[in-house]
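Trainee: Just so you know, the protein sequences line up as chains A and B, in that order. Quick note on our numbering: the first sequence kicks off at 222 and runs consecutively. Quick note on our numbering: the second sequence kicks off at 209 and runs consecutively. There's a structure below that I have some questions on.
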Amino acid sequence: MGSSRSGGSSLSLKTGNKLRRKQMYIEDKKIANKARHEERHRRRREEAKNPELREERLAKNQPTSIDKKRVWDEVDDDSLGAQVDLAALKRRRMEQAEAAAAAEADAAMKDPEDQEDGKDDDADSMLDSDSEDEEEDEEEREERLQRKRAQRQPSIAPSTTSTNLDLTPDSLTLQFKHLFSDEPPPMPQILVTTSLNATIHKEAEEIAAIFPNSTYIRRSGHRWGHKYSIREIAKFAKNRGYTALVVVHEDLKRPHQMSIVHLNSEDAAPGPTVTYSIRNYLPGKSLLGHGNATNHYPELLLNNFKTPLGLLAAKSMNTLFPARPELQGRQVVTLHNQRDYIFFRRHRYVFREARATEKNVVTAEGKEMEGMQGIRAGLQEIGPRMTLKLRRVDKGIGRAGSEGEDALKWEWKAKMEKKRTRFNL
Amino acid sequence: MSDEIVWQIINQQFCAFKLKTTKGQNFCRNEHSVSGLCNRQSCPLANSRYATIRSSPKGTIYLYIKTIERAHMPAKWWEKIKLSQNYATALQQIEDKLQYFPKFLQHKCKQRLTRLVQVATRMRKLAAEEARLGEQLVPKMAPKIKAREAARERKALAAAKLERTIERELLERLRQGAYGDQPLNCNATIWKKVLNALENEGEGTRDKDLDKGIEDEDESEKEVEEELEEEDEEEDGNVEYVSDFDESDEELADIEDWLGSEEEDDAEDDDDDEDDSEEDDEEDVKKKKAGDKRKRGRAVKPSARKRKEIEVERETERSKLLAF
Chain A
222 MGSSRSGGSS LSLKTGNKLR RKQMYIEDKK IANKARHEER HRRRREEAKN PELREERLAK
282 NQPTSIDKKR VWDEVDDDSL GAQVDLAALK RRRMEQAEAA AAAEADAAMK DPEDQEDGKD
342 DDADSMLDSD SEDEEEDEEE REERLQRKRA QRQPSIAPST TSTNLDLTPD SLTLQFKHLF
402 SDEPPPMPQI LVTTSLNATI HKEAEEIAAI FPNSTYIRRS GHRWGHKYSI REIAKFAKNR
462 GYTALVVVHE DLKRPHQMSI VHLNSEDAAP GPTVTYSIRN YLPGKSLLGH GNATNHYPEL
522 LLNNFKTPLG LLAAKSMNTL FPARPELQGR QVVTLHNQRD YIFFRRHRYV FREARATEKN
582 VVTAEGKEME GMQGIRAGLQ EIGPRMTLKL RRVDKGIGRA GSEGEDALKW EWKAKMEKKR
642 TRFNL
Chain B
209 MSDEIVWQII NQQFCAFKLK TTKGQNFCRN EHSVSGLCNR QSCPLANSRY ATIRSSPKGT
269 IYLYIKTIER AHMPAKWWEK IKLSQNYATA LQQIEDKLQY FPKFLQHKCK QRLTRLVQVA
329 TRMRKLAAEE ARLGEQLVPK MAPKIKAREA ARERKALAAA KLERTIEREL LERLRQGAYG
389 DQPLNCNATI WKKVLNALEN EGEGTRDKDL DKGIEDEDES EKEVEEELEE EDEEEDGNVE
449 YVSDFDESDE ELADIEDWLG SEEEDDAEDD DDDEDDSEED DEEDVKKKKA GDKRKRGRAV
509 KPSARKRKEI EVERETERSK LLAF
């Protein structure tokens with residue numbers, strides 16, 4: 222008469238008798254666990270014989286993440302507001318251009334063919350040689366295209382994480398001529414100040430220390446003194462040869478916002494103002510095992526800036542640091558964009574041998590980095606750490622100092638975050 | 209007469225506009241009151257002949273006059289007269305209009321005008337200062353949005369894997385040769401290891417590394433090495449019979465001599481056998497060669513590689529022979 226276990230979990234949950242239900246549940250679990258155990262061991266035995274199976278399985282079972290599910294705008298637009306992956310856009314456009322060229326070649330080819338066909342029609346109408354010719358041409362063309370495509374594919378792909386500033390769309394270059402100009406940028410001189418009546422002098426000094434060639438000037442908030450506005454300060458700074466003005470706003474004794482006003486050279490009007498909100502500001506002292514910075518020019522790492530807006534932010538950060546880093550200083554400043562949050566970190570690094578317990582470094586795709594077996598980079602964090610989030614881009618000096626219809630280039634709005642797979646940078 | 213009655217009722221019984229205080233002073237909340245205190249003289253309800261000054265939201269100041277003639281038409285009690293923006297002329301206007309009114313009302317109206325003008329001036333000054341400073345108070349973020357952003361930031365941080373990414377990027381840069389051929393941030397042993405590893409990799413021709421980062425002019429060392437290898441092969445064409453795998457010093461010297469003379473010939477040789485994809489690299493390599501210092505150590509590598517290849521070729525030939 223054996224108990225009916227065929228219902229599986231449903232029956233084991235529905236039975237009214239608690240004792241029997243308990244037993245059924247335990248038995249069900251045993252069965253499931255046994256099945257799973259056997260499956261895993263069978264798989265293990267198979268994969269021990271054939272390691273390729275394991276790789277296949279791992280490659281197939283990639284865990285999904287929000288970054289993998291990222292949704293882009295379907296437009297062919299590359300203006301500031303579009304959420305398009307510029308690298309993918311470029312590739313798509315190249316392919317379209319290719320297709321267009323092939324189509325043109327087709328058209329060009331067909332014209333002489335038609336003339337020939339006309340002559341041969343009388344002679345070979347029964348033999349159908351024309352279609353064969355066309356096919357052959359098509360095949361040749363395809364082969365040519367395939368060869369071209371194969372040549373273009375890189376055998377060792379360059380890093381996909383770091384930003385490629387060459388992908389800047391023309392619309393952006395036109396809008397921000399001075400920022401994206403082809404001339405080598407001048408050595409940055411940065412003036413750091415705060416909002417009125419600020420008390421975060423220490424944090425502002427630390428932020429000034431991040432950028433080489435920077436000075437921190439306090440902002441007067443005295444009742445009867447003349448309070449200089451940001452526009453006035455920008456004018457004075459430009460006269461004195463500064464390239465950028467960084468304003469750190471305060472909220473409740475903490476740095477709350479950071480505005481970077483690009484002061485361009487004499488011939489250009491002060492350029493875009495990029496405003497970020499600061500969160501989780503931690504000074505170096507609070508980090509365990511932190512290092513001390515030297516005054517060497519750091520290297521800059523700009524990771525994951527994919528859209529036009531992201532490129533603008535990356536370029537703006539680029540201009541704040543000297544173009545030629547002093548490699549002997551072995552310092553690196555990282556601005557890593559992940560889901561619209563830009564993580565700012567400063568590290569001292571050293572290339573060293575891997576210890577016995579350390580694995581090899583893995584590329585973004587998941588494969589081991591060739592050529593770097595047994596080499597690792599040790600990192601020690603220096604200095605402040607914070608999270609920035611881009612909030613607005615103004616044409617001129619802040620909201621008040623921008624004129625015209627496109628005074629506000631981009632503004633963060635809460636409704637942009639409705640879908641959790643859409644990102645702006 | 210009716211004013212008296214009204215006042216008695218207001219004062220002794222009930223007035224909706226009266227505000228009592230503990231100090232004994234009563235205030236009048238009526239918007240037409242000229243002084244704001246609850247007095248027989250300043251009560252707008254208990255005086256059928258009354259005058260006030262009020263300002264509009266836009267800033268213009270009006271004189272409101274109430275007369276007995278209109279006492280039976282409450283909807284038309286107040287006569288509204290716009291005063292000039294000029295303070296002196298406004299005062300004169302008040303004097304004109306309230307010529308036959310009690311001195312009390314004239315005086316109070318002028319006082320009120322003064323105060324309102326001062327307030328308006330101060331407000332305008334503050335607004336101008338705000339506009340000049342251009343600093344607007346950033347509105348606080350809604351708590352829901354703040355919490356959402358905090359949670360997303362935490363998850364983004366976990367997804368970012370910062371230290372790993374930074375390490376990977378730095379090693380990528382080292383491998384791609386962004387640090388030049390004698391990197392200042394790498395010690396000699398590690399650099400040698402990297403070079404060895406790069407050599408032992410496949411000879412697949414690499415595309416030009418698009419990732420420039422900050423270093424715009426630096427080249428991939430590997431490309432240069434490959435070209436070196438190819439040049440050597442071209443130059444020496446045929447197989448050279450070598451007994452040992454290890455490099456001997458004599459051959460070292462020979463190779464260096466060859467390389468010394470080859471540098472000028474390199475450019476021409478490159479053009480012969482390069483694939484299309486490497487055309488870009490040549491120009492850059494030429495530029496690099498101008499300023500490049502060849503390390504002696506590096507000169508050894510291509511020859512070792514070439515010899516390995518030759519050895520392999522020879523072995524296959526032998527095996528073919530042996531295979532019948």
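The C-beta atom is built at its ideal place from N, Cα and C for all residues, glycine as well.
Just by C-beta distance, which residues in the region 554 to 569 of chain A are closer than 7 Å to chain B?
Mentor: The region 554 to 569 of chain A vs chain B, Cβ under 7 Å: THR555, HIS557, GLN559, ARG560, TYR562, PHE564, ARG566, HIS568.
Trainee: Do ILE289 of chain B and ILE273 of chain B have their beta-carbon atoms positioned less than 8 Å apart in this structure?
Mentor: Mapped onto the second sequence, residue 273 of chain B falls at position 65. Mapped onto the second sequence, residue 289 of chain B falls at position 81. Against a cut-off of 8 Å, the Cβ pair of ILE289 of chain B and ILE273 of chain B comes out as a contact.
Trainee: Check whether the Cβ atoms of ALA489 of chain A and HIS399 of chain A lie closer than 8 Å to each other.
Mentor: Here residue 489 of chain A is taken as the residue at index 268 of the first sequence, counted from 1. Here residue 399 of chain A is taken as the residue at index 178 of the first sequence, counted from 1. Taking 8 Å as the Cβ cut-off, ALA489 of chain A and HIS399 of chain A qualify as a contacting pair.
Trainee: Measuring CA to CA, which of A:PRO390, A:GLN283, A:LYS289 is closest to LYS311 of chain A?
Mentor: Working through the first sequence from its first residue, we reach residue 311 of chain A at position 90. Out of A:PRO390, A:GLN283, A:LYS289, A:PRO390 has the C-alpha closest to the C-alpha of LYS311 of chain A.
Trainee: Taking C-beta pairs closer than 7 Å, name the residues in chain B that ILE603 of chain A reaches, listed in chain order.
Mentor: To locate residue 603 of chain A, count along the first sequence from 1; it is residue 382. Correct list: empty, because the minimum Cβ distance to chain B is about 13 Å.
Trainee: With a Cβ-Cβ cutoff of 8 Å, do ALA465 of chain A and HIS483 of chain A count as a contact?
Mentor: The count along the first sequence starts at 1 and reaches residue 465 of chain A at position 244. The count along the first sequence starts at 1 and reaches residue 483 of chain A at position 262. Closer than 8 Å, so yes.
Trainee: Residues in its own chain within less than 6 Å of GLU434 of chain B by CB, not counting five upstream and five downstream?
Mentor: The residue you call residue 434 of chain B lines up with position 226 of the second sequence. Its pLDDT being 46, under 50, GLU434 of chain B is placed unreliably in this model, and the coordinates cannot settle the point.
Trainee: Starting from PRO391 of chain B, find everything on chain A with Cβ-Cβ shorter than 9 Å and list it in chain order.
Mentor: Your numbering for residue 391 of chain B matches position 183 in the second sequence. Residues of chain A passing the Cβ test: LEU548, PHE572.
Trainee: Name the residue from B:ALA336, B:CYS236, B:CYS317 whose alpha carbon lies nearest to the alpha carbon of SER450 of chain A.
Mentor: To locate residue 450 of chain A, count along the first sequence from 1; it is residue 229. Per the Cα distances, B:ALA336.
Trainee: Please report the straight-line C-alpha distance between TYR270 of chain B and THR322 of chain B, rounded to a whole angstrom.
Mentor: Indexing the second sequence from 1 puts residue 270 of chain B at position 62. Indexing the second sequence from 1 puts residue 322 of chain B at position 114. Distance between the alpha carbons of TYR270 of chain B and THR322 of chain B: 13 Å.
Trainee: Which residue wins for smallest C-alpha separation from SER649 of chain A, given the options A:LEU530, A:ARG263, A:ARG576?
Mentor: Outside the modelled stretch of chain A, which goes from 222 to 646, sits residue 649 of chain A, for which no answer is possible.
Trainee: Going by the CB atoms, is the gap between THR373 of chain B and PHE539 of chain A shorter than 8 Å?
Mentor: For the purposes of this step, residue 539 of chain A is taken as the residue at position 318 of the first sequence. For the purposes of this step, residue 373 of chain B is taken as the residue at position 165 of the second sequence. One detail in the question is off: residue 539 of chain A reads as Asn in this sequence, not Phe. In this structure, THR373 of chain B does not lie closer than 8 Å to ASN539 of chain A by Cβ.
Trainee: Does any residue of chain B have a CB that is nearer than 8 Å to the CB of ALA621 of chain A?
Mentor: In the first sequence, the residue the question calls residue 621 of chain A occupies position 400. Yes, ALA621 of chain A lies at the interface with chain B (some Cβ there is under 8 Å from its Cβ).
Trainee: Of all the options A:GLY592, A:ALA458, A:GLU626, which has the alpha carbon lying nearest to the alpha carbon of GLU653 of chain A?
Mentor: What is shown of chain A runs 222 to 646, which leaves residue 653 of chain A out entirely.
Trainee: If contact means a Cβ-Cβ distance below 8 Å, which residues of the region 354 to 367 of chain B contact chain A?
Mentor: Under the 8 Å Cβ criterion, the region 354 to 367 of chain B contributes ARG356, GLU357, ALA358, ARG360, GLU361, LYS363, ALA364, LEU365, ALA367.
Trainee: With DSSP collapsed to three states, give me the class of LYS226 of chain B.
Mentor: Residue 226 of chain B sits at position 18 when you count from the first residue of the second sequence. In this structure, LYS226 of chain B counts as strand in the three-state DSSP scheme.
Trainee: How far does the beta strand (DSSP E) with GLY531 of chain A in it extend, from its first residue to its last?
Mentor: Taking the first sequence and counting its residues from 1, one reaches residue 531 of chain A at position 310. GLY531 of chain A -> not in any beta strand (DSSP E); alpha helix (DSSP H) instead, spanning 529 to 541.
Trainee: I want to verify the contact list: residues of chain B whose CB lies under 7 Å from the CB of GLU591 of chain A, in sequence order.
Mentor: Here residue 591 of chain A is taken as the residue at index 370 of the first sequence, counted from 1. Near GLU591 of chain A (Cβ distances below 7 Å), the residues of chain B are GLU409.
Trainee: Which of helix, strand or coil does DSSP assign to ARG643 of chain A?
Mentor: As a position in the first sequence, residue 643 of chain A is number 422, starting the count at 1. If DSSP states are grouped into helix, strand and coil, ARG643 of chain A belongs with coil.
Trainee: Between the region 236 to 247 of chain A and chain B, which residues of the former have a C-beta closer than 9 Å to a C-beta of the latter?
Mentor: Under the 9 Å Cβ criterion, the region 236 to 247 of chain A contributes no residue.
Trainee: Mind checking which residues open and close the beta strand (DSSP E) that includes ILE603 of chain A?
Mentor: As a working note, residue 603 of chain A is residue 382 in the first sequence. Taken as a continuous stretch (DSSP letters only), the beta strand (DSSP E) holding ILE603 of chain A covers 596 to 615.
Trainee: For a contact defined as C-beta to C-beta under 9 Å, what are the partners of LEU451 of chain A on chain B?
Mentor: On the first sequence, position 230 is the one that residue 451 of chain A refers to. Looking at the sequence shown, residue 451 of chain A is not Leu but Ile. In chain order: LEU341, GLY342, GLU343.
Trainee: From the DSSP secondary-structure annotation, give me the bridge partner or partners of ASN558 of chain A.
Mentor: The residue given as residue 558 of chain A occupies position 337 in the first sequence. In DSSP, ASN558 of chain A forms a bridge with A:ILE563.
Trainee: Any beta carbon from chain A within less than 8 Å of THR373 of chain B's own beta carbon?
Mentor: Counting from 1 along the second sequence, the entry for residue 373 of chain B is found at position 165. Interface residue, yes.
Trainee: Kindly indicate which residue of B:THR268, B:PHE225, B:GLN220 has the alpha-carbon position closest to the one of GLN326 of chain B.
Mentor: The residue given as residue 326 of chain B occupies position 118 in the second sequence. When only C-alpha atoms are compared, the closest one is B:THR268.
Trainee: When the Cα of PRO493 of chain A is compared with those of A:LYS235, A:LYS630, A:GLY505, which residue comes out closest?
Mentor: Looking up residue 493 of chain A in the first sequence gives position 272. Per the Cα distances, A:LYS630.
Trainee: Any idea what DSSP makes of ARG314 of chain A, helix, strand or coil?
Mentor: Residue mapping note: residue 314 of chain A aligns to position 93 of the first sequence, counting from 1. Correct three-state label for ARG314 of chain A: helix.
Trainee: DSSP three-state label for GLY587 of chain A, please.
Mentor: Locating residue 587 of chain A in the first sequence gives position 366, counting from the first residue. In this structure, GLY587 of chain A counts as coil in the three-state DSSP scheme.
Trainee: Quick check on LEU521 of chain A: buried or exposed, where buried means 16 or more other Cβ atoms within 10 Å of its Cβ?
Mentor: The count along the first sequence starts at 1 and reaches residue 521 of chain A at position 300. By the 10 Å Cβ count, LEU521 of chain A comes out buried.
Trainee: With contact counted as at least three CB pairs below 8 Å, one residue from each stretch, are the region 573 to 585 of chain A and the region 440 to 449 of chain A in contact?
Mentor: Judged by Cβ distances under 8 Å, the region 573 to 585 of chain A makes no contact with the region 440 to 449 of chain A, as fewer than three pairs qualify.
Trainee: Identify the contact partners of ARG332 of chain B in chain A, using a Cβ-Cβ distance below 7 Å as the criterion.
Mentor: Position 124 of the second sequence, counting from 1, holds the residue named residue 332 of chain B. In chain order: nothing, as chain A lies at least about 18 Å away.
Trainee: Do GLN549 of chain A and ASN188 of chain B count as a contact pair if the criterion is CB distance below 8 Å?
Mentor: Residue 188 of chain B lies beyond the range of chain B shown here (209 to 532); nothing can be said about it.
Trainee: Using only CA atoms, which one of A:ARG241, A:PRO409, A:ASP472, A:HIS258 lies nearest to THR436 of chain A?
Mentor: One-based indexing of the first sequence puts residue 436 of chain A at position 215. Looking at the Cα atoms, A:PRO409 is the closest of the given residues.
Trainee: Could you name the residues of the same chain whose beta carbon sits closer than 6 Å to that of VAL292 of chain A, not counting the 5 residues immediately before and after it, in chain order?
Mentor: For this step, residue 292 of chain A is matched to residue 71 along the first sequence. THR642, ARG643, listed in sequence order.
Trainee: Please check if any C-beta of chain B sits within less than 8 Å of the C-beta of THR608 of chain A.
Mentor: Counted from its first residue, the first sequence places residue 608 of chain A at position 387. For THR608 of chain A, the answer is yes, since a Cβ of chain B falls inside 8 Å of its Cβ.
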